[in-house]
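The numbering of the sequence shown is the working numbering, which starts it at -3 and goes up by one. Quick notes on the structure that follows.
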Amino acid sequence: MTSPGDPLDMDLLDRAEAAVRLSATDPRLALAEARAVLDLAGWPGPAGAYGEAASVALRATALAARELGDLELAGERLEEAIAAGRGFPRRVAQARMSFVTVRAQLGDPEGGLRLAELAERDLAGADLARLGVQRSVALILLGRHEEAVRHCDRAIGLLDDDARFRAGGLLNRGLAHTYLERYGEAEADLAECARVARSAGLDHVAMLAEGNLPFVAARRGDIAAAFARYRAAETTLFGFPERLAVMRTDFAEALLAARLTGEARTLLEQAVPELVAAGAQAAVPGARLLLAQAALLAGDAALAASTARTALAELDAQGRTAWLPLAREVVLRARLAEASTPPAAPAHEAAGAESLVTELITCADALAACGWPGASAALRLTAAAAAVRLGAITHARTQLDRAAAATRPLVRWHAVAMRHRLDGDLDRALEAAARGIEAVHAPGGDANRRDGNAGPRERDAAQDTAQNAAQDTARDTARDAAQDAELRVHAARPAEDLAALGLEIALDRARRTGDGRTVLDWAERWRAVVRGAPAPASVPPGVPPAGSGLLVEFVRRGDDLFAVTAGAGGCALRSLGSYQAAVEATVRIRYGLRRRAMLDTLRDTSRDTLRDPVHVTAPDTLRDPVHVTAPETLRDISPGADALSGAVDEGIARELCALDHVLLSGPGTLTSAGSMPGGPVTVVPTGALCTLPWPLLPSLHGRPVSVAADAAAWLAPRRGSARAPLVLSLAGPGLDHAAAEADMVAAAHARGRRVGATRAEVLRAIERADVLHVAAHGMFSPRGPMLSQITLDDGPLMAYDLLAARRIPRLVVLSACDAGMAHAPVDGAALGLAGAFLDSAARNGDAACVVAGVVPVRDDEAPALMTLFHTLLAEGRSPAEALARAAEKTAVPGFVCFGAGDEPFAAG
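Shown next as structure tokens:
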């Protein structure tokens, strides 16, 4: 041993402590300095005389490795630091303090808390405050967010002289506030963290704070700000792959809660392998579970099951027992989605289905025991529905009785509705379902809960005893909203499930009574719930509709497709056959139209281009018509094909006529609702039918057609302004005819103007114009519809940019190809550029219309169509009528009028 005050020992210790401080700002230099100290101290090998310096230097290497994303190396070095520091209790305690976060992020947060308890005995003053910051990391991973806030509160006030840990405390407290849905406090903490970190040269900590802002914005529902912040944070975190992956995971979780499944899945498919590579074992199973949920929402049950099974194994290996039922639930829901047990199913299949119901019930019990009451109640309802399909009514009633005792009004009314349905009382079932949906938006209801006591239970479920049951029930309300927001593992939000049940019951009732009006009411409730809007008021029977012309709203139940037609003559319901058959026909029609546009361009010796620089080939989801057999119901060819020959070739015309025969030409669709022939029609499609070029169907040829996500504008139309509209137009780059088209639009209207094609000018124009015309390239992103874009001079205008607009023009014309393409994961939530405009208008209490293409349009064809369209618009025609007449006269197919297209503008 050296004597106290040995100069070499003191010099090495000073250098080691400097390396610890340096690890926060320059981890690579800190590694080099720490290694130099270790070499002089004779490490590896017995630390001998310089054990204290070696322990501190090893801790410095661990902290540097952690900053560089190597968690496993950090853990190894901290274990060595603890061993080297024997005889120096404070140094051992400091190494354990640093190990708390690393152990937690390696997948053992409980182990991290045990290390904190050991370290606490030998720490004092500022070191104890630092330990509180480290503890908060493990507590957040365990969902003990209130405890994390308390530890950070105590620590932050004692760390004025330590910018690194003060910033860390603010960062962790901001995350805990986010999970507790205290978004104002969260943003304030993250902003202060960024300020403190940057002033201390801790740029990577500032980037972490800014990287969490997308998560906060998305959790609070501000999706536009979330995407903008994500775009900025992605750039700043580029050199830190593990932290970028964590940010992507957090952002994806919030996007899933907002129903943006494709965007979330894209982020998670990037994040999971990055987290695995970085050794971030605590974050990996949660990210996998989110990916499994995204796959389930997208209909990929096989991927959902396999991914959830992997997450289950990882959680089990990490001893995170409270989370295991969440992973099992996703596996079971995926199996349920794949299962098919019709009444005449073989005995072994029926037995398998019965076993699955038993497993669903067992998992629901486990969820409740582990502190996930919302997930438990939802799964219990799922088990009851599966039992009903099997005819196991006793099992179903038992589960419904338990669900009916839940604290959440939504769950209770859902169970009551299912019980009335079992009893055959469909009227009372619908009444109960309506009460449940009303409870979502009532003061204090499910949609308005903001509870602070959230997250996984603060102890293992194994410690629960019978006397805790009453306390658990009392905590259900406080825990449910934030728990389910933290890790969404359901295939649909509970209110959507209840609205879907109501629609099913309305269809059952209509089979007995022929009441199409009730089906329409519930279809609109379902679509409103998907948007997160209050359910619309029902139109009393016998009251004539306020909308002009006809409404045709399509609904589906499984593969059964129905059409509800409403008009002056009443409301009628018609069964149309297979939804999947209609979707396959839509795919063939779109493929044929794209193929036609491509071949025309290849044959053309001029330099005209398609307004679609990316999607010039069929997407993977489209199939060559040679390999798709048309269902029998679509093989009959109507005699109206000749009327379409000017716009499409014979093969496409025959497909259109066949689909028209199924969807619109039969009795009770367009013929019995009391409308005049040739009058306006509002179509509300379902699922993939939103991508069909509806105006090309023979029954709609030449008629004003509006395609909407719901019937709200038709049921309650609004009159436009009596003054001439302000019309703004712009031309994007790379299109030969775009500038001439934009000039034409400006000249066609009394108050027409050209604006520049920059993002700032376009966003300003969006909030000023009554009519905005955009002649530019467009790209639809099928995997992430909110990532669809329009190409401008200084970069893309993204679909999510539109969500922040304070005002939307009454009419937006997107002559960019495919700008009207949308993907609807559920009805009422069609997304993409057109959908983003319409959704923004609806949130502002306005009705809007978007004219956009759903198939490629040649650059030389669009100006001819748009010239006539704007001429008719300036004469006082409605957008739908102007488009119908212009398309008929120019024979340019593919454009659709979305939204409220029946209201004309003032002439001028």
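We put the CB at the ideal spot given by N, CA and C, even for glycine. Quick caveat, the model's predicted, so the values are computed rather than measured.
Could you tell me the alpha carbon to alpha carbon distance between residue i and residue j, rounded to whole angstroms?
{"i": "arginine 194", "j": "aspartate 312", "result": "40 angstroms"}
{"i": "glycine 83", "j": "alanine 163", "result": "32 angstroms"}
{"i": "alanine 765", "j": "valine 846", "result": "13 angstroms"}
{"i": "glycine 170", "j": "threonine 257", "result": "26 angstroms"}
{"i": "alanine 639", "j": "phenylalanine 776", "result": "Here alanine 639 scores only 47 on pLDDT, less than 50, and its place in the model should not be relied on; the value that follows carries that caveat. The straight-line gap from Cα to Cα measures roughly 30 angstroms."}
{"i": "valine 129", "j": "alanine 151", "result": "7 angstroms"}
{"i": "glycine 774", "j": "isoleucine 786", "result": "4 angstroms"}
{"i": "glutamine 576", "j": "leucine 557", "result": "9 angstroms"}
{"i": "proline 40", "j": "aspartate 7", "result": "19 angstroms"}
{"i": "alanine 297", "j": "glutamate 763", "result": "42 angstroms"}
{"i": "alanine 772", "j": "alanine 795", "result": "14 angstroms"}
{"i": "leucine 375", "j": "arginine 404", "result": "14 angstroms"}
{"i": "glycine 890", "j": "valine 851", "result": "5 angstroms"}
{"i": "phenylalanine 236", "j": "serine 661", "result": "59 angstroms"}
{"i": "alanine 304", "j": "arginine 398", "result": "27 angstroms"}
{"i": "alanine 49", "j": "leucine 18", "result": "16 angstroms"}
{"i": "threonine 910", "j": "alanine 309", "result": "Absent from the structure is residue 910, since the part of the chain shown begins at -3 and ends at 904."}
{"i": "alanine 125", "j": "leucine 109", "result": "15 angstroms"}
{"i": "valine 701", "j": "alanine 568", "result": "19 angstroms"}
{"i": "leucine 198", "j": "valine 192", "result": "8 angstroms"}
{"i": "arginine 408", "j": "alanine 402", "result": "6 angstroms"}
{"i": "arginine 385", "j": "alanine 429", "result": "19 angstroms"}
{"i": "valine 201", "j": "alanine 32", "result": "26 angstroms"}
{"i": "alanine 649", "j": "glycine 512", "result": "31 angstroms"}
{"i": "glycine 565", "j": "threonine 582", "result": "30 angstroms"}
{"i": "glycine 180", "j": "arginine 215", "result": "12 angstroms"}
{"i": "alanine 291", "j": "aspartate 493", "result": "18 angstroms"}
{"i": "threonine 863", "j": "phenylalanine 901", "result": "17 angstroms"}
{"i": "alanine 122", "j": "arginine 99", "result": "22 angstroms"}
Report, in whole angstroms, the separation of the C-beta atoms of residue i and residue j, which I expect to be a contact under 8 angstroms.
{"i": "tryptophan 690", "j": "valine 551", "result": "Tryptophan 690 to valine 551, Cβ: 16 angstroms. No contact."}
{"i": "serine 784", "j": "leucine 834", "result": "About 13 angstroms; that fails the 8 angstroms criterion."}
{"i": "alanine 172", "j": "valine 145", "result": "5 angstroms"}
{"i": "leucine 54", "j": "methionine 93", "result": "Not really, about 14 angstroms apart at Cβ, beyond 8 angstroms."}
{"i": "valine 658", "j": "glycine 573", "result": "6 angstroms"}
{"i": "threonine 514", "j": "alanine 502", "result": "5 angstroms"}
{"i": "arginine 73", "j": "alanine 61", "result": "6 angstroms"}
{"i": "leucine 166", "j": "aspartate 185", "result": "5 angstroms"}
{"i": "leucine 287", "j": "valine 268", "result": "6 angstroms"}
Here's the rule: buried if 16 or more other CB atoms are within 10 angstroms of the residue's CB, otherwise exposed. What is residue i?
{"i": "threonine 886", "result": "buried"}
{"i": "threonine 262", "result": "buried"}
{"i": "isoleucine 389", "result": "exposed"}
{"i": "glutamate 270", "result": "buried"}
{"i": "glycine 849", "result": "buried"}
{"i": "asparagine 168", "result": "buried"}
{"i": "serine 874", "result": "buried"}
{"i": "aspartate 419", "result": "exposed"}
{"i": "alanine 746", "result": "exposed"}
{"i": "glutamate 76", "result": "buried"}
{"i": "leucine 293", "result": "buried"}
{"i": "glutamate 334", "result": "exposed"}
{"i": "serine 695", "result": "buried"}
{"i": "phenylalanine 234", "result": "exposed"}
{"i": "aspartate 421", "result": "exposed"}
Should residue i be listed as close to the ligand HEM, given that the test is whether its C-beta is under 7 angstroms from any heavy atom?
{"i": "alanine 278", "result": "The ligand HEM is absent from the structure shown, which contains no ligands of any kind."}
From the beta carbon of residue i, is the nearest beta carbon of chain B less than 8 angstroms away?
{"i": "alanine 568", "result": "Checking the listed chains, one finds no chain B in this structure; it contains a single protein chain."}
Original post:
Do the stretch 218 to 234 and the stretch 242 to 260 make contact, defined as three or more Cβ pairs closer than 8 angstroms?
Top reply: yes
Original post:
Is the stretch 673 to 693 close to the stretch 858 to 868, with three or more CB pairs under 8 angstroms?
Top reply: no
**OP:** For the stretch 694 to 713 and the stretch 723 to 736, state whether three or more C-beta atom pairs, one from each stretch, are separated by less than 8 angstroms.
**Re:** no
Subject >> Inside the stretch 870 to 902 only - beta strand (DSSP E) runs reaching at least 3 residues >> reply: 891 to 895
Original post:
Do the stretch 102 to 111 and the stretch 270 to 279 make contact, defined as three or more Cβ pairs closer than 8 angstroms?
Top reply: Contact between the stretch 102 to 111 and the stretch 270 to 279 is present, because at least three Cβ pairs lie under 8 angstroms.
Subject >> Contact the stretch 870 to 884 vs the stretch 751 to 758: 3+ CB pairs below 8 angstroms >> reply: Contact between the stretch 870 to 884 and the stretch 751 to 758 is absent: fewer than three C-beta pairs spanning the two stretches fall below 8 angstroms.
Subject >> Start-end ranges of the alpha helix (DSSP H) lying completely within the stretch 187 to 222, minimum 4 residues >> reply: 199 to 207 and 209 to 215
Original post:
Should the stretch 233 to 247 be called in touch with the stretch 204 to 218, which here means at least 3 C-beta pairs below 8 angstroms?
Top reply: Contact between the stretch 233 to 247 and the stretch 204 to 218 is present: three or more C-beta pairs spanning the two stretches fall below 8 angstroms.
Original post:
Which full runs of the alpha helix (DSSP H) of 4+ residues lie inside the stretch 126 to 173, going along the chain?
Top reply: Runs of the alpha helix (DSSP H) lying entirely within the stretch 126 to 173, each at least 4 residues long, are 141 to 152 in chain order.
Original post:
Whole beta strand (DSSP E) runs in the stretch 701 to 788 with 3 or more residues, listed along the chain?
Top reply: 701 to 703, 723 to 727, 748 to 750, 767 to 771 and 785 to 788
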